[in-house]
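When we follow UniProt numbering, the leftmost residue of the sequence shown carries the number 1, and every step to the right adds one.
By construction, the Cβ of each residue, glycine as well, lies at the ideal position given by its N, Cα and C atoms.
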Amino acid sequence: MTTYCALPMPASTPLTASTTSAVPGAAPPPTRPYRAAWWLPDPHSATIWGRVGRREPPAPTHIERWDTPDGDFVDLVRLAGARGAQSPRLLLLHGLEGGVHSHYVRALFREARSRGWAADLLLFRSCGSEPNRLPRSYHSGETGDARWVLDQLTSRYPSAPIGLVGVSLGGNVLCKLLGEERGRLSPQVTGAVAISVPFDLARASRRIGQGFGVLYEHAFLRSLIPKAQAKVRRHPELRHLQPVSRIRTLWDFDDAFTAPVHGFADAADYYARSSSLPYLSHIARPTLLLSAVDDPFLPADVLDEVREAVAATPCVEAEFPVRGGHVGFTAGGRPWAPWYYAEWRAAEFLRPGLEGWVR
């Protein structure tokens with residue numbers, strides 16, 4: 001049975017390394033408390049470790065291409081192995097320029113497989129193995145493809161409960177989708193987890209361009225710029241756009257490419273209309289927001305605004321440990337034997353709804 005949240009939230013508490021607010025009808029508090037690894041002492045080491053220090057083997061998967069109603073397609077990476085039509089399922093939404101190679105995707109696939117759950121990763125347009133047919137790409141506020149894929153899954157597996165997990169950009173997409181849908185989601189959707197979300201896109205864009213963060217920014221642009229240039233070559237209707245070859249910031253990229261391609265006036269308009277922060281108070285399914293106060297992609301005061309936004313929202317649990325970086329959350333007292341909190345916490349939060357669901 002799907003839980004519709006209707007009880008008042010408990011009073012919020014100060015941000016600490018183990019801050020957790022209970023959600024009626026959702027998962028109990030974690031039994032394995034998170035303590036950030038002492039040997040990753042700053043937000044950048046915590047962030048980078050997940051990308052360069054973590055050895056997460058790939059899960060067995062296969063890819064299906066689904067044609068979309070607008071004449072394009074999306075690729076779905078599906079966890080391999082026979083599972084029943086009633087098995088719990090995860091739908092994963094990746095971060096900026098993420099995909100099946102991302103450490104958090106591999107970890108979530110592993111977590112699902114260990115629990116006997118099915119799992120699918122939606123590859124946003126432009127993130128698959130082939131260029132998409134249409135000029136449009138993907139962005140932080142584009143919820144249409146995620147909504148359509150979710151509808152397809154609920155139709156194809158009508159007896160399966162579904163948990164949603166979004167990471168970084170995908171977390172913003174997920175939170176915005178949940179807020180847009182309010183109580184209209186299929187009852188098969190039993191819960192959601194959003195990890196390291198850039199809730200306020202304008203402030204996140206400014207933050208990532210400061211100090212050491214420019215290295216992340218440049219890494220993203222090294223992937224985004226060639227894709228944008230290929231789009232322009234393939235679609236003559238985009239050739240009026242200003243060249244992106246010399247762009248040095250994500251804000252300028254969004255101003256020159258993301259905004260005009262997707263119908264926004266400029267980057268500021270795109271950020272204002274696509275940020276998930278205004279949608280949080282409308283979420284109507286048990287949802288965990290997991291972000292670190294020291295996330296180098298987001299000013300810490302945004303998390304205070306998130307707490308305010310969800311204070312009267314009985315469905316949303318805000319868990320904001322002081323340390324963890326961006327999609328890091330590495331724990332363990334020995335560098336040679338770490339464990340990783342985020343994917344375990346996500347699965348534990350979703351487990352009661354997924355394994356206790358009755359159609």
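Asked	Found
Across which residues does DSSP place W66 in a beta bridge pair?	V74
Taking the beta carbon of H101 as the centre, do at least 16 other beta carbons fall within 10 Å, making it buried, or is it exposed?	exposed
Please classify D200: does DSSP put it in a helix, a strand, or coil?	coil
Quick one: what's got a C-beta closer than 8 angstroms to L277's C-beta in the same chain, skipping five residues either side?	F199, D200, V302, E305, V306, A309
To test your reading of the DSSP string, which unbroken alpha helix (DSSP H) runs of 4 or more residues are found completely within the region 278-355?	301-310, 341-355
Which two residues bound the contiguous alpha helix (DSSP H) that contains L177?	169-181
Tell me the DSSP secondary structure of D266 in three-state form.	coil
What separation, rounded to the nearest whole angstrom, lies between the Cα atoms of F220 and C315?	33 angstroms
How big is the Cα-Cα spacing for R106 and E97?	15 angstroms
Buried or exposed: where does L354 fall if 16 or more other Cβ atoms within 10 Å of its Cβ makes it buried?	buried
Buried or exposed for I247, going by 16 or more other Cβ atoms inside 10 Å?	buried
Looking only at its chain, what residues have a beta carbon closer than 6 angstroms to the beta carbon of V77, apart from the 5 residues adjacent to it on each side?	T61, I63, V100, L121
Is the distance from the Cβ of A342 to the Cβ of L290 below 8 angstroms?	yes
Can you grab the Cα-Cα spacing for the pair E317 / I283, in whole Å?	11 angstroms
Determine the DSSP secondary structure at L40, reduced to helix, strand or coil.	coil
Considering only heavy atoms of the ligand ZN, does any lie closer than 7 angstroms to the CB of R233?	The ligand content of the structure shown is nil, which means the ligand ZN is not present either.
Under 8 angstroms between the Cβ atoms of Y340 and F349?	no
To which residues of the same chain is W66 closer than 8 angstroms at the C-beta, ignoring the five residues directly before and after it?	F73, V74, D75, L76, V149, Q152
Count the CB pairs spanning the region 81-97 and the region 168-188 that are closer than 8 angstroms, and state whether there are at least three.	yes
Strictly by DSSP, which residues pair up with D255?	Looking at the DSSP assignment, D255 forms no beta bridge with any residue, so it has no partner.
What three-state label does DSSP hand T190 in the structure shown?	strand
What would DSSP say about G211, mapped onto helix, strand or coil?	helix
Taking the alpha-carbon of D70 as reference, which of P33, L40, S223, R125 has the nearest alpha-carbon?	R125
Considering residue 361, what are the terminal residues of the alpha helix (DSSP H) in which it resides?	Coverage of the chain is limited to positions 1 through 359, which leaves residue 361 absent and any answer about it impossible.
Beta strand (DSSP E) containing R89: first to last residue?	89-93
Per DSSP, which residues does A107 bridge with? Please list them.	Answer by DSSP bridge pairing: none, since A107 is not bridged.
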